[in-house]
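Chemist: Chains as they are written, first to last, in our numbering: chain L, 1 to 670; chain H, 1 to 670.
Glycine included, C-beta positions come from ideal geometry on N, C-alpha and C.
None of these values were measured; they are calculated from a predicted model.
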């Protein structure tokens, strides 16, 4: 095997840090051209289709007992006068329906399901009937609050809900070709464009919760109507200008000073409106809002060739992934404001790490990748996907984590108020239910994140059993991935085409991988000099039946944190391939903090077909206090006797699927 | 030197754990019979007299700028109609004046200060004039809320304020012999006895914040009036009975259910009224309330010979000191409710550890000691006094910590909401200003905690330069302590008497001490068999000029925590004698979490006369990450290079006297 070596890894990163690029002709290969085949992601996508979408539909209709009520569909009926009652839930309750519909759209793409499509059409009909004559669409205001429309975009999520509906419409239109929902959101977007904009008499505002900006870019791509791109750009450019639009709103509402989000509970950092976006270089505030904003900024930089915006995105990316991201790809370490706190402040047990924020990181990473092709974006996406996002959902698809801690002591979560936001068990639904449908739409669209192409060729970002079709020089080409990823690092890529054709095949060499080997048709190729910006770029004339074999060595690794990350001092985390591992009480007994890992302890990985449907678990010799040396004393001058004790680590994402208990990612090294 | 050995230590504790005793004839030697002489405590008591009492008087009169306002004296003037305005501050603002007056009383005992006494008399005159004809005394209600008297004793602190005034009165009366304030509080106590009590028509209530119970025992001792003891016992016995008195109050006030302290914000565990006191075996709720309650319970057990109460006290003591106490003697690890959380939950950086709660532990320990003479109580008192209480005040006496963390990262305290209660710097005063005058009254009465006596002889609980007078078999005896404690463990005790007399001299052998030597008139005595329940009990016929020399070896010790205390896993704390040490950023650079202490590193203690007025500091060879091995990466598979780095530890109580910065008690051991 080639040894990429540490220097080489650093070089790849250095290259990218020096200069951000805008690769204008790189585009993702759409869902319709990718088919996921049986394997790790296939199982999860099936779960979305067969279980999560029906389950969430039941919840949205309040048909699931023993969990938080949603009221989301009922709100639409109340808005129409078909049911009586009051609006139920958060002002952004509509967005749960939109995200569900978006997941349905992705699920139906290339996969007809007439019953589900019929249901979705009924939902679209319901949505269409709620739309007001001027295009306005938001049940929170249509029910009882018509006079308050557009009076508090800082807190009331009207633009956020519109954004989600636009994303749903684009997904459903692309899946089915049916224009109805697309027409609905175009009318809505045009209505918004009549309220907000640079023209005299229009509001110089922008949303308190970013989302519509990236949605408008999607709507522009789908319709070709540049006014949607312009409106998205307007929202981005207005943000943070002085005098502050939100202060004008607050004054008009008669709010007491100091003004700020949620009636002054938060500062304007909370929604990233503290200064113009191009002056921002440290990620602050509500982490989901931040990533949705940064996603739109990357979109716009790419669309408009705006290098100042691209450079801002790069600075923010460096700050988030270099100073504010958990090893699991979770971000936003503070429960107060669901927010970024500050550099290197990543406590493991009092974290937040909202599932939606890690999903937002994936959205942003994809756009950074499209703009500035570099393996580091795929690395971060992978880190979040396989760890801090997958942890957000139970293996059976019906329970969710909103907060994703790296260390849990259940009794402490229950009894300490400062850990009250850290649930020790996944829940069936939430009062604020943003995360479950966000997972559904992400998984359902996962295959859209796997490949990109440009005039040069095709790039594989993620490894999973799948086929992809694209054409190059006028000829159709198909690639077939065959892999057991993430359980092992062997990836076979078969090339199907009719006649030989020259193109570049780019394969992301993951940042976690230090040794790899590539063969074409059985012959090893030295690809060290073919790696640029994290991708092995193999340019050749491919012939029918060519087979590439990439072998990414996947040893068990001990990860160490930068010393400035105080919470992880003296500790290591176990990682294998893209997966972070953790200790659970069920395997290792209580008081996990007592366990240490000797520096010389061998850690062995083994695929266990019986473990939660088949997973690689890791075992090794840890160290524990010998109970016989422990007395009742709370403090002592004695040294406790340590003894060897076998430990078992399991994939972090799989924790809490075997009942409640302690969990620990960062383990003391001795 | 004799080696007490670990077994011996355990034996001492075992002995006491088996059976609690009630030593009815043991009494503290009063302040009037103890004189503190120049040394560690002398300096602090002088500070109380010369700086803290005048400073706090200024604050109570709102004469100190740049700090929280008090309004406490002004409230009395408003109550009299001599000033206009509204009551300012918390409902218990009066208690700040009472605690100040109590500190004055202790300060004047055996130490005439005519100016201060005149000022105190004026305050007493002011208090007396506010007292209502029926004996009621509480400015919060007298100003504007007369109709609400005694309607919400759960939250409104009327009985708490009365308790503090009684304690002040007893102290001032004992200092000066002037009855005026004693008469005032007797009228107040009699008024309370007319409102609360077992007789028909009286309220079957008890205070939301315990305090009056222990005060009534003091009033009983001072006046000999048994009705005050009975009323204190009534409050203790009623507590936690069903139906709950507080629920009746809440219903009468029209509060929404569920009822609970602070309008249902807390459960009844908060004020220890969740069940009858004799059924309580785990410390719960607000830690100051708890210790004041337990203090009164110990008082009453001793006064009434109530073994069930004594056993309850013992169980609670075991729970607090064995499972819920920081190494610094701080207790109450949860900011929410300023409360105990649960066993072994002692986080270092998100702690509470209120100064008042550690003071409450001292009050309770003293009463346990009087009831059940055992060195473990003195050990805990000493732990709290020299660490978690002394830390509460700056060396100049004008700045205070309310919360006493064992690990501080200032940026994190400022930026993380879940650490918002942990101040990285002492403050001049507080909105809720319980702690500063509590420190003042404790220090001013410290000499009252040093000695106890019974018919057998005298017991020395604490070591400090002082003289004590007592009489035995009709003859006056004086002991003279000469020591540099806590900086070294050498204690000389000289005996002054006219003719030889037989009595027991008990010397507490601190729990931290493993090697000691005792000489009488220069001859070593083997005292191992004379130690019972933590005291070396030397019974002999003492002759004029006898000199005892106790040498308590004070090596630097590494302390380890019980493995169940997860926050301290793999860490050691440095302790020398009674003092816990800490690392500060000013000596050791930032990122203290990066520092580790090799197991074989020698730690040297040295008295540094220039360090903050003269203290023992500790130095040794620690280990740190070599900065040259640290790159920009947040996570890495590389091992960072460690290098040797001298570290300096300073007494925990002295931290934050040289500017802001990180602080750390528990250090990783490698």
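What three-state label does DSSP hand residue 136 (chain H) in the structure shown?
Modeler: What you label residue 136 (chain H) is simply residue 136 of the second chain in a count that begins at 1. Here residue 136 (chain H) sits in coil by DSSP.
Chemist: Going by DSSP, what residue range makes up the alpha helix (DSSP H) through residue 397 (chain L)?
Modeler: As a position in the first chain, residue 397 (chain L) is number 397, starting the count at 1. First-last for residue 397 (chain L): undefined, no H or E at that position.
Chemist: Consider the Cβ of residue 630 (chain H): report whether some Cβ of chain L lies at a distance smaller than 8 Å.
Modeler: Start at 1 with the first residue of the second chain, and residue 630 (chain H) comes out as number 630. So, interface residue.
Chemist: Quick check for students: name the residue ranges of the beta strand (DSSP E) that lie wholly in the segment 574-634 of chain L, counting only runs of 3 or more.
Modeler: Counting whole runs of 3 or more residues, the segment 574-634 of chain L contains the beta strand (DSSP E) stretches 579-584, 603-608, 615-625.
Chemist: Which one of L:304, L:358, L:480 has the shortest CA to CA distance from residue 544 (chain L)?
Modeler: In the first chain, the residue the question calls residue 544 (chain L) occupies position 544. Residue L:480 is the option with its Cα nearest to residue 544 (chain L).
Chemist: When you compare only the Cα positions, how much space is there between residue 524 (chain H) and residue 283 (chain H)?
Modeler: On the second chain, position 524 is the one that residue 524 (chain H) refers to. On the second chain, position 283 is the one that residue 283 (chain H) refers to. In a straight line, the C-alpha of residue 524 (chain H) is about 43 Å away from that of residue 283 (chain H).
Chemist: Does the segment 186-194 of chain L come close enough to the segment 239-251 of chain L that 3 or more CB-CB pairs lie under 8 Å?
Modeler: Taking 8 Å as the limit for Cβ pairs, the verdict is that the segment 186-194 of chain L does not touch the segment 239-251 of chain L.
Chemist: If the cut is a Cβ gap below 7 Å, which residues of chain L does residue 640 (chain H) touch?
Modeler: For this step, residue 640 (chain H) is matched to residue 640 along the second chain. Per Cβ cutoff of 7 Å: 560, 563.
Chemist: Taking 8 Å as the CB-CB cut-off, is residue 11 (chain L) touching chain H?
Modeler: On the first chain, residue 11 (chain L) is found 11 positions in, with the first residue counted as 1. Only weak support exists for where residue 11 (chain L) lies, its pLDDT of 34 falling under 50; the value from the coordinates is given anyway. By this cut-off, residue 11 (chain L) is not an interface position.
Chemist: Give the residues of chain L in contact with residue 409 (chain H), contact being defined as C-beta atoms less than 9 Å apart.
Modeler: Position 409 of the second chain holds residue 409 (chain H). Chain L residues near residue 409 (chain H): 345, 566.
Chemist: Got a sec: is the Cβ-Cβ distance from residue 334 (chain L) to anything in chain H below 8 Å?
Modeler: To locate residue 334 (chain L), count along the first chain from 1; it is residue 334. By this cut-off, residue 334 (chain L) is an interface position.
Chemist: How long is the line joining the alpha carbons of residue 389 (chain H) and residue 512 (chain H), rounded to whole angstroms?
Modeler: Within the second chain, numbered from 1, the residue matching residue 389 (chain H) stands at position 389. Within the second chain, numbered from 1, the residue matching residue 512 (chain H) stands at position 512. Each residue's Cα considered, the two are about 18 Å apart.
Chemist: To the nearest angstrom, how far is it from the Cα of residue 112 (chain L) to the Cα of residue 350 (chain L)?
Modeler: What you label residue 112 (chain L) is simply residue 112 of the first chain in a count that begins at 1. What you label residue 350 (chain L) is simply residue 350 of the first chain in a count that begins at 1. One C-alpha to the other measures close to 44 Å.
Chemist: May I have the straight-line CA-CA distance separating residue 320 (chain H) from residue 490 (chain L), to the nearest angstrom?
Modeler: To locate residue 320 (chain H), count along the second chain from 1; it is residue 320. To locate residue 490 (chain L), count along the first chain from 1; it is residue 490. Their Cα atoms are separated by approximately 56 Å.
Chemist: From H:537, H:120, H:514, pick the residue whose C-alpha is nearest to that of residue 503 (chain H); which is it?
Modeler: Within the second chain, numbered from 1, the residue matching residue 503 (chain H) stands at position 503. Nearest option by C-alpha distance: H:537.
Chemist: According to DSSP, which residues form a beta bridge with residue 452 (chain L)?
Modeler: Taking the first residue of the first chain as position 1, residue 452 (chain L) is located at position 452. BP columns for residue 452 (chain L) point to L:28, L:459.
Chemist: What number of angstroms, rounded off, separates the C-alpha of residue 250 (chain H) from the C-alpha of residue 85 (chain L)?
Modeler: Sequence index remark: in the second chain, residue 250 (chain H) carries index 250 (1-based). Sequence index remark: in the first chain, residue 85 (chain L) carries index 85 (1-based). About 33 Å.
Chemist: Between which residues of its own chain and residue 605 (chain H) is the CB-CB distance below 7 Å, once the five residues before and five after are set aside?
Modeler: Residue numbering aside, residue 605 (chain H) sits at position 605 when the second chain is read from its first letter. Here the set comprises 556, 576, 616, 618.
Chemist: From the beta carbon of residue 415 (chain H), is the nearest beta carbon of chain L less than 8 Å away?
Modeler: Position 415 of the second chain, counted from the start, is the residue given in the question as residue 415 (chain H). Output row for residue 415 (chain H): interface = yes.
Chemist: Taking the alpha-carbon positions, what's the residue 402 (chain H) to residue 562 (chain H) distance?
Modeler: Here the question's residue 402 (chain H) lines up with position 402 in the second chain. Here the question's residue 562 (chain H) lines up with position 562 in the second chain. Their backbone Cα atoms lie some 27 Å apart in a straight line.
Chemist: Return the CA-CA distance between residue 344 (chain L) and residue 323 (chain H), expressed in angstroms with no decimal places.
Modeler: If you number the first chain from 1, residue 344 (chain L) lands on position 344. If you number the second chain from 1, residue 323 (chain H) lands on position 323. If you take the alpha carbons of residue 344 (chain L) and residue 323 (chain H), they lie about 32 Å apart.
Chemist: Starting from residue 476 (chain L), follow its DSSP beta bridges and name the residues at the other end.
Modeler: Within the first chain, residue 476 (chain L) is the residue found at index 476, counting from 1. Per DSSP, L:471.
Chemist: Per DSSP, which residues does residue 325 (chain L) bridge with? Please list them.
Modeler: For the purposes of this step, residue 325 (chain L) is identified with residue 325 of the first chain, where counting begins at 1. Residue 325 (chain L) pairs with L:331.
Chemist: Mind checking residue 541 (chain H): buried by the 16 CB within 10 Å criterion, or exposed?
Modeler: Taking the second chain and counting its residues from 1, the one referred to as residue 541 (chain H) is at position 541. Per the 10 Å Cβ criterion, exposed.
Chemist: Which of the three DSSP states is assigned to residue 530 (chain H) in this structure?
Modeler: Along the second chain, read from residue 1 onward, the residue named residue 530 (chain H) stands at position 530. The answer is helix: DSSP assigns residue 530 (chain H) an H, G or I state.
Chemist: How about residue 300 (chain H) and residue 217 (chain H): do their beta carbons lie closer than 8 Å?
Modeler: Taking the second chain and counting its residues from 1, the one referred to as residue 300 (chain H) is at position 300. Taking the second chain and counting its residues from 1, the one referred to as residue 217 (chain H) is at position 217. Against a cut-off of 8 Å, the Cβ pair of residue 217 (chain H) and residue 300 (chain H) comes out as a contact.
Chemist: Between which two residues does the beta strand (DSSP E) harbouring residue 503 (chain H) extend?
Modeler: Position 503 of the second chain, counted from the start, is the residue given in the question as residue 503 (chain H). 501-508 is the span of the beta strand (DSSP E), which, as asked, contains residue 503 (chain H).
Chemist: Give a yes or no on contact between the segment 558-574 of chain H and the segment 628-642 of chain L, applying the rule of three or more CB pairs nearer than 8 Å.
Modeler: Contact between the segment 558-574 of chain H and the segment 628-642 of chain L is present, because at least three Cβ pairs lie under 8 Å.
Chemist: According to the neighbour-count rule (16 or more other Cβ atoms, all chains shown, within 10 Å of its Cβ), is residue 461 (chain L) buried or exposed?
Modeler: Taking the first chain and counting its residues from 1, one reaches residue 461 (chain L) at position 461. Result: buried.
Chemist: So, for residue 30 (chain L): in the same chain, excluding its five sequence neighbours on each side, which residues have a beta-carbon less than 6 Å away from its beta-carbon?
Modeler: As a first step, residue 30 (chain L) is located in the first chain; it is residue number 30 there, counting from the start. Around residue 30 (chain L): no qualifying Cβ.
Chemist: Looking only at C-alpha atoms, which of H:26, H:27, H:45, H:21 sits nearest to residue 466 (chain H)?
Modeler: Taking the first residue of the second chain as 1, we reach residue 466 (chain H) at position 466. Considering only alpha carbons, the answer is H:45.
Chemist: Per DSSP, which residues does residue 497 (chain H) bridge with? Please list them.
Modeler: For the purposes of this step, residue 497 (chain H) is taken as residue 497 along the second chain, with counting starting at 1. Per DSSP, H:477.
Chemist: So, for residue 364 (chain L): in the same chain, excluding its five sequence neighbours on each side, which residues have a beta-carbon less than 7 Å away from its beta-carbon?
Modeler: Here the question's residue 364 (chain L) lines up with position 364 in the first chain. Same-chain partners within the cutoff: 291, 294, 295, 298.
Chemist: Using beta carbons (cut-off 8 Å, strictly below), is residue 620 (chain H) in contact with chain L?
Modeler: Along the second chain, one-based indexing puts residue 620 (chain H) at 620. Taking Cβ atoms only, chain L never reaches closer than 8 Å to residue 620 (chain H), which makes this a no.
Chemist: Quick check: the Cα distance between residue 76 (chain L) and residue 452 (chain L), rounded to an integer number of angstroms?
Modeler: For the purposes of this step, residue 76 (chain L) is taken as residue 76 along the first chain, with counting starting at 1. For the purposes of this step, residue 452 (chain L) is taken as residue 452 along the first chain, with counting starting at 1. Taking the straight line joining both Cα atoms gives about 38 Å.
Chemist: Could you give the DSSP three-state label for residue 143 (chain L): helix, strand or coil?
Modeler: Here the question's residue 143 (chain L) lines up with position 143 in the first chain. It is coil, neither helix nor strand.
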